[in-house]
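Chains A and B supply the protein sequences, listed in that same order. The first sequence runs 24 to 209 under my numbering. The second sequence runs 8 to 288 under my numbering. Cβ coordinates follow ideal geometry from the N, Cα and C atoms, glycine included. From a predicted model like this one, the values you see are computed outputs, not experimental measurements. For reference, the structure discussed in these notes is given below.
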Amino acid sequence: MAKKYVIIGGSAGSFQSITEILSELPKNYEQSVFLCLHRLKHVRTGFVEALSIKSKLSISEPVDKEYLRQGQVYLAPANYHMYFELGNLFSLSTETAVNHSRPSIDLSFESAAYLFKDKLTAVLLSGANRDGAYGMKMVNQYGGTTIIQDPEECQVKTMTTAAAAITKIDHILTLKEIINHLKKLQ
Amino acid sequence: MEISDEKIQELIKTLKSSADYDFGGYSSKSFKRRILKVLETQSLDIDELIKRVQYDFIFVEEIVKDITVNTTELFRNPKSWHAIKYRILPKLINNKTINIWHAGCSTGQEIYSMLILLNELKMLHKARIYASDINQDVINIAKSGRYVYRFNIEYLENFDKVIRQNPFNFEEYKNVPYAKYLTIDKIEDTITVNDFLKNKVTYIKQNLVKKEPLFKTKFDIIFCRNVLIYFKPELQSQMYGYFYENLKNSGFLVLGYHESILGAQAQKFNRKGLYYTKKLV
């Protein structure tokens, strides 16, 4: 089966959902999963450890130009933007923050959309700003699948509704349904 | 705005042939983003840009400054500085001189972090510090040692973590006043490095990718943090070879927190956690 890629963006109110997704994905999950999460400026370390507690998959922050592998979860490092380059390489950048965010969900999503095309599934969770909206638009434009967490279920729904306002969302799902959808990508 | 990869290639070719700036080895995603930014700030489209760089060399110098990224902060990634403080510098304590090169020094925060650390370890008088960047504007800011205070509060938190605290012994606390090194003016909104550190540094404007033989001496430590991330793997490899040539045997190479030497050049260095040493030949 063709390789697939999952990218998940989240901000305020998404940490719980992310841990739940990671705890449900099976040990033999074959897709590559990328997490682009805003965090408090001062929380720069310990995030991988916190996410790893319940995850069956191994989680790491990529180093620049590292090859991405299947069945691995990657977290965009604090204070860097995370891009994807031809040849399935990560590329990191310290360019200025976009929408006050570094990592920027828009930048990671756009770059993943361009590289992975229809093999990409992009998920946007709870968040208090508009980062990710443009990224979702790009995912849609390059043929990827767009999913937002049901705004009614989000702790803060600014991010998901902003995305829905400017682009076609393929699926609006509850967290449970998102997890099932991601599992079926197997 | 969208620009095609072909147009980007055309721009790279033009910059190389008419202005001797080679961006061919730059990571494509971030390079494209920088160019989009240039087009936006200069209100040009890509064809106009390609035309203009052929005859307006002052303009080229300006956009080169916009293409390169200048993010830096005092004691960025304290864990790296712990490695420098507790693992690298103790090995150099008996040297008569310590040659240090900050390659891609940007606005100088990394240089001053190192100078402060050297002074705390009473090694400053031995240090010969060189710093280079492609961008004369950031070199001028580095020389001035003056930064915005607001939004940079982590400078002081990082200072605490690296200079005051000992991560291996929480009971140890060295109450070094900020004022020993930094003058904070909240009204002017500036944080300025004290003068005695400023004259320790020799600055050189340099386009790193040309790999020029700039120095007569070899280095004990080369810093190149968050610079090579803007390069493709091939160019990164060449740069590691260049640093290898410029390091003393067993010299130290300090990269950014999320960088590591990949590919064939890795064999020339020993990886030691957050830094590398040159292998003996």
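Rounded to whole angstroms, the gap between the alpha carbons of lysine 207 of chain A and leucine 48 of chain A is 10 Å. By the C-beta density criterion, arginine 232 of chain B is buried, having at least 16 other C-beta atoms within 10 angstroms. Per DSSP, reduced to three states, the secondary structure at valine 234 of chain B is coil, with no helix or strand assignment. Residue pairing by DSSP puts histidine 194 of chain A in a beta bridge opposite A:Ile170. Using a Cβ-Cβ cut-off of 9 Å, glutamine 243 of chain B is close to Asp87 and Lys88 of chain A, given in chain order. A contact between stretches requires three or more CB pairs, one per stretch, nearer than 8 Å, and the stretch 114-127 of chain B meets this requirement with the stretch 191-209 of chain B. With contacts defined by Cβ atoms closer than 8 Å, isoleucine 44 of chain A and alanine 145 of chain A do not form a contacting pair. Residue environment analysis places valine 60 of chain B among the buried positions, since at least 16 neighbouring C-beta atoms fall within 10 angstroms of its C-beta. Burial check for tyrosine 237 of chain B: the Cβ neighbour count within 10 Å reaches 16 or more, so the residue is buried. Interface criterion not met: the Cβ of serine 149 of chain A is under 8 Å from no Cβ in chain B. Contact residues of the stretch 75-105 of chain B toward chain A are Val76 and Thr78 (C-beta to C-beta distance below 7 Å). Burial of isoleucine 170 of chain B is indicated by the presence of at least 16 other C-beta atoms within 10 angstroms of its C-beta. Between the alpha carbons of methionine 246 of chain B and lysine 218 of chain B lies a distance of about 7 Å.
Counting only residues of its own chain and dropping the five nearest sequence neighbours on each side, asparagine 111 of chain A has a CB closer than 7 Å to the CB of Tyr90 and Leu91. Scanning chain A for C-beta atoms nearer than 9 Å to the C-beta of glutamate 266 of chain B yields Val86, Asp87, Lys88 and Leu115, reported in chain order. Glutamate 108 of chain A belongs to the set of residues whose beta carbon lies under 8 Å from a beta carbon in chain B. The C-alpha of tyrosine 119 of chain B lies about 47 Å from the C-alpha of proline 174 of chain A.
For isoleucine 198 of chain B, the three-state secondary structure derived from DSSP is strand.
Setting aside the 5 residues that flank it on each side, aspartate 29 of chain B is surrounded in the same chain by Lys23 and Val216, each with a C-beta closer than 7 Å to its C-beta; the list follows chain order. Within the DSSP secondary-structure output, glutamate 108 of chain A pairs in a beta bridge with A:Leu112. Rounded to the nearest angstrom, the Cβ distance from glycine 158 of chain A to leucine 143 of chain A is 11 Å, too far for a contact under 8 Å. Counting only runs of 4+ residues, the alpha helix (DSSP H) found wholly inside the stretch 43-131 of chain B occupies 53-59, 64-74, 85-90 and 116-127, in chain order.
According to the DSSP assignment, glycine 32 of chain A belongs to the beta strand (DSSP E) that extends over 28-33. Three or more Cβ pairs closer than 8 Å define a contact, and the stretch 40-57 of chain B falls short of that threshold against the stretch 79-89 of chain B. Contact with chain B is found for glutamate 118 of chain A, since one of that chain's Cβ atoms lies less than 8 Å from the residue's Cβ. The alpha-carbon of alanine 134 of chain B is positioned some 24 Å away from that of glycine 280 of chain B. Non-local beta-carbon contacts of glutamine 164 of chain A in its own chain, meaning distances under 6 Å to residues more than five positions away in sequence, are absent.
For proline 100 of chain A, the neighbours in chain B by C-beta distance under 8 Å run, in chain order, Tyr264 and His265. With distances taken between CA atoms, lysine 187 of chain B lies nearest to B:Asp202 out of B:Asp202, B:Glu195 and B:Phe175. Taking 8 Å as the threshold, the shortest C-beta distance from asparagine 233 of chain B to chain A falls below it. With fewer than 16 neighbouring CB atoms inside 10 Å of its own CB, glutamate 164 of chain B falls in the exposed class. When secondary structure is reduced to three states using DSSP, alanine 120 of chain A falls in the coil class, being assigned neither helix nor strand.
In the displayed model, serine 24 of chain B falls within a helix according to three-state DSSP. In this structure, DSSP gives glycine 280 of chain B a state outside helix and strand, which the three-state scheme calls coil. In the DSSP annotation of this structure, the continuous segment of the alpha helix (DSSP H) that includes phenylalanine 70 of chain A starts and ends at 70-75. Residues of the stretch 8-25 of chain B that bring their beta carbon within less than 9 Å of a beta carbon in chain A are absent altogether.
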